[in-house]
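Residue numbers (full-length UniProt numbering): 1 to 145.
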């Protein structure tokens, strides 16, 4: 699972890319329609990715993200000092119980571009009330038509 979050003046978004065992990406973008901080959007993205893996009945997961703070907090290398983040950390601990094996690793931002793209989509394209899905696909065209 690759995850990333975005907090901008346009809005807040979370992006997740679940990579299948065969290497196929399953991208998902989330528009966060509530007040957030940079760290809250990162936790929202992480939790969305974990919930997506649970939904797909995945039991062995490697979670990667570029937020040093979040990765170190979920690996118990840093304490959670911000009271607003404590419920997020607790939820991650609860969700971890669903997995046989789950690891968390920090990666450079340059290696997290797919999740970064999804969080940008989520922060720029908020879904109108009453419509929970806005599916679309992006395909790379390698040559002119």
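Heads up, the beta-carbon is just placed ideally off N, CA and C, and yes, glycines get one too.
For residue i, the residue or residues it bridges with in DSSP
i	result
residue 4	15
residue 29	15
residue 36	Answer is none; residue 36 lacks a bridge partner.
residue 102	61
Proximity winner among the options, relative to residue i (alpha-carbon distances)
i	options	result
residue 84	39, 72 and 19	39
residue 55	26, 13, 12 and 5	26
residue 30	21, 52 and 62	52
residue 36	23, 12 and 58	12
residue 47	111, 61, 69 and 91	91
residue 100	33, 80 and 57	57
residue 59	14, 98 and 17	98
residue 33	143, 14, 74 and 113	14
residue 153	109, 75, 28 and 81	The structure shown does not extend to residue 153, since the chain spans only 1 to 145, so no value can be given for it.
residue 45	22, 81 and 17	17
residue 5	24, 86 and 69	69
Neighbourhood of residue i by C-beta, 6 Å cutoff - its chain only, sequence neighbours within 5 removed
i	result
residue 64	2, 105 and 107
residue 88	43
residue 67	42
residue 111	none
residue 95	50
residue 72	78
residue 24	none
Under the three-state DSSP convention, the category residue i falls into
i	result
residue 107	coil
residue 41	helix
residue 62	strand
residue 87	helix
residue 143	coil
residue 94	helix
residue 72	helix
residue 51	helix
Beta-carbon contacts of residue i that lie in its chain and below 7 Å, excluding the five residues immediately before and after
i	result
residue 20	26
residue 7	36, 37, 38 and 41
Cutoff 8 Å; reference residue i; Cβ partners in own chain excluding five residues on either side
i	result
residue 103	61, 62 and 63
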